[in-house]
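**Q** Each residue of the sequence shown is one higher than the last, beginning at 278 in my numbering.
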Amino acid sequence: MNLSYLLPPIIAGVICLALGLVVILSNFRNPIHRLFAYSIFGFAGWAFAIFFMRSSPDLESALFWDRLVFPFAAAGVAFYLHFTIKYSELSFPRILLFLSYLSVITHSVLISKDLLIPAMQMKPYGYAPIPGVLFFPALIIQYMWVGLAGINLIRGYKKAISYEEKNRITYLLGALCAFLLLTLLDFLPLLGLPLYPGAIIGNIIFCLLTVIGITKHNLLDVRFVIRKGTAYILISAIIVITYTSAIFIFSRLFQNKDIESWAYVILVTVIAFALRPIWLKVQRFVDKLFYRNRYDHIKALQLFISETHNIMDTAILGTNM
Numbered sequence: 278m279n280l281s282y283l284l285p286p287i288i289a290g291v292i293c294l295a296l297g298l299v300v301i302l303s304n305f306r307n308p309i310h311r312l313f314a315y316s317i318f319g320f321a322g323w324a325f326a327i328f329f330m331r332s333s334p335d336l337e338s339a340l341f342w343d344r345l346v347f348p349f350a351a352a353g354v355a356f357y358l359h360f361t362i363k364y365s366e367l368s369f370p371r372i373l374l375f376l377s378y379l380s381v382i383t384h385s386v387l388i389s390k391d392l393l394i395p396a397m398q399m400k401p402y403g404y405a406p407i408p409g410v411l412f413f414p415a416l417i418i419q420y421m422w423v424g425l426a427g428i429n430l431i432r433g434y435k436k437a438i439s440y441e442e443k444n445r446i447t448y449l450l451g452a453l454c455a456f457l458l459l460t461l462l463d464f465l466p467l468l469g470l471p472l473y474p475g476a477i478i479g480n481i482i483f484c485l486l487t488v489i490g491i492t493k494h495n496l497l498d499v500r501f502v503i504r505k506g507t508a509y510i511l512i513s514a515i516i517v518i519t520y521t522s523a524i525f526i527f528s529r530l531f532q533n534k535d536i537e538s539w540a541y542v543i544l545v546t547v548i549a550f551a552l553r554p555i556w557l558k559v560q561r562f563v564d565k566l567f568y569r570n571r572y573d574h575i576k577a578l579q580l581f582i583s584e585t586h587n588i589m590d591t592a593i594l595g596t597n598m
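1) Taking Cβ to Cβ, would you say F320 is nearer than 7 Å to G353?
2) Have a look at S522 and R445 and give me their C-alpha separation to the nearest angstrom.
3) Indicate whether the contact test is met: 3 or more Cβ pairs, each with one atom in the stretch 293-306 and one in the stretch 321-328, closer than 8 Å.
4) Could you compute how far the alpha carbon of L379 sits from the alpha carbon of R371?
5) Can you say whether I543 is buried or exposed, counting buried as having 16 or more other CB atoms within 10 angstroms of its CB?
6) Within the stretch 289-346, note down every full alpha helix (DSSP H) run reaching 4 residues or more, in order along the chain.
7) Have a look at I327, V299 and P308 and flag the residue whose alpha-carbon is nearest the alpha-carbon of P286.
8) Kindly list the residues whose CB is nearer than 6 Å to the CB of L392, restricted to its own chain and excluding five residues on each side of it in sequence; keep chain order.
9) Going by C-alpha to C-alpha distance, which of P348, M397 and F375 sits closest to L387?
10) For A396, I'd like the list of residues in its chain whose CB is within less than 6 Å of its CB, leaving aside the five on either flank, ordered along the chain.
11) Hey, out of Y404, H310, N307 and T361, whose CA is closest to E337's CA?
12) Go through the stretch 382-420 residue by residue and report every complete run of the beta strand (DSSP E) that reaches 3 residues or more, in order.
13) Note down the Cα distance separating L450 from L430, rounded to an integer number of angstroms.
14) Beta-carbon separation of A355 and S377 under 7 Å?
15) Going by Cα to Cα distance, which pick from L416, N304, L453 and I382 is closest to I394?
16) Let's test the definition: count the other Cβ atoms within 10 Å of the Cβ of L302 and tell me whether it reaches 16, buried, or not, exposed.
17) When we look at the beta-carbon of M598 and count the other beta-carbons within 10 Å, is it buried (16 or more) or exposed?
18) Given a cut-off of 7 Å on the beta-carbon distance, is the pair R432 and L358 in contact?
19) Is the beta carbon of L485 closer than 7 Å to that of Y448?
Listed below in structure tokens is the structure:
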């Protein structure tokens, strides 16, 4: 397994998990925030399931994880559909929303059967599912829910009055379109075409465009929380990439040899100390990204406040005036 095959799902999972936590912690009582966060958590579970599938040692283990992809993806889609209804403040047939949530339960039941994915196979890029009888019908149903979510966003765009609100929905629509188009690349290889699976790349683009919509156009009113959490997202991604790369190098250097558990502890410790200096640079980069031209003025103001707090001897201060 190469890094280009292993890294995308773990990166997507970390971004989704961090984004979901930021959104839900910013305003848990708001149903729109909760629905959006639950949707992102579903996509995070999907991404992590794909990572564990791709890193599995054999076809049997890969089958277990690949079957979990369906219920996680179905949950993410159902919550996202519900989110678009609430966010756009539109009327929507309750029966369709109920059926979208029912499909999550259906997928959860069917994963133990051979109707969705009976077995796995090896492709030039890695593991791939062998489609069962209900594989493509299940996908068509999920695409239907995603299509309805897109229609809700289009209706919301037409209904919006302000330019900024239209921009927010444009980012959501762009994210959804990228997700839809690239997920097709996950299924074309099953038909014999020599293509790399693109659904996980679509997941990453979906999250990144959503983050831009949140930070640039204040989607869901979590700009302040995003600024605080972006540095943690970036450093977490760096740690994951570094650790995964190190494990990959270890496995190549010590093929067919047992690696002691203490070696991994030492590896994690070394990585932690090595990445410590990067933290301040990442935080500085994020602050500059958010504050832009105001960054130098804010830093000067912080320095001024710090210096005034350090003046402890008021008598000396008085004699110098």
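Every residue gets a Cβ at the ideal spot worked out from N, C-alpha and C, and that includes glycine. Note that the structure is a prediction, hence the values are computed from the model and not measured.
**A** Once the coordinates are examined:
1) For the purposes of this step, residue 320 is taken as residue 43 along the sequence shown, with counting starting at 1. For the purposes of this step, residue 353 is taken as residue 76 along the sequence shown, with counting starting at 1. Cβ distance < 7 Å, so F320 and G353 count as in contact.
2) Position 245 of the sequence shown, counted from the start, is the residue given in the question as residue 522. Position 168 of the sequence shown, counted from the start, is the residue given in the question as residue 445. If I take the Cα positions, the gap works out to 36 Å.
3) Touching, yes, given that three or more Cβ pairs across the two stretches are closer than 8 Å.
4) Within the sequence shown, numbered from 1, the residue matching residue 379 stands at position 102. Within the sequence shown, numbered from 1, the residue matching residue 371 stands at position 94. Spanning the alpha carbons of L379 and R371 requires a straight line of approximately 12 Å.
5) Locating residue 543 in the sequence shown gives position 266, counting from the first residue. When all chains shown are included, I543 counts as exposed.
6) Taken in chain order, the complete alpha helix (DSSP H) segments of 4 residues or longer contained in the stretch 289-346 are 308-331.
7) If you number the sequence shown from 1, residue 286 lands on position 9. The shortest C-alpha separation from P286 is found at I327.
8) Your numbering for residue 392 matches position 115 in the sequence shown. Answer for L392: G409, V410 and L411, listed in chain order.
9) Residue numbering aside, residue 387 sits at position 110 when the sequence shown is read from its first letter. Closest by alpha carbon: P348.
10) The count along the sequence shown starts at 1 and reaches residue 396 at position 119. Cβ contact annotation for A396 (same chain, cutoff 6 Å, sequence separation greater than five): I407, in chain order.
11) Within the sequence shown, the letter at position 60 stands for residue 337. Ranking the options by Cα distance to E337, first place goes to Y404.
12) Runs of the beta strand (DSSP E) spanning 3 or more residues and lying entirely within the stretch 382-420 occur at 396-400 and 403-407, in chain order.
13) Counting from 1 along the sequence shown, the entry for residue 450 is found at position 173. Counting from 1 along the sequence shown, the entry for residue 430 is found at position 153. Roughly 7 Å separates the two Cα atoms.
14) Along the sequence shown, read from residue 1 onward, the residue named residue 355 stands at position 78. Along the sequence shown, read from residue 1 onward, the residue named residue 377 stands at position 100. Contact flag set, yes.
15) Position 117 of the sequence shown, counting from 1, holds the residue named residue 394. The shortest C-alpha to C-alpha distance from I394 to any of L416, N304, L453 and I382 is the one to L416.
16) By 1-based counting over the sequence shown, the position of residue 302 is 25. Answer is exposed; the Cβ neighbour count stays below 16.
17) By 1-based counting over the sequence shown, the position of residue 598 is 321. Confidence at M598 is low in this model, with a pLDDT of 49, below 50, so its placement is unreliable and the value that follows should be read with caution. Sixteen is the threshold: since fewer than 16 other Cβ atoms of the shown chains lie within 10 Å of the Cβ of M598, the residue is exposed.
18) In the sequence shown, residue 432 corresponds to position 155, counting from 1. In the sequence shown, residue 358 corresponds to position 81, counting from 1. At least 7 Å separates the beta-carbon of R432 from that of L358.
19) Indexing the sequence shown from 1 puts residue 448 at position 171. Indexing the sequence shown from 1 puts residue 485 at position 208. No, Cβ-Cβ distance for Y448 and L485 is not below 7 Å.
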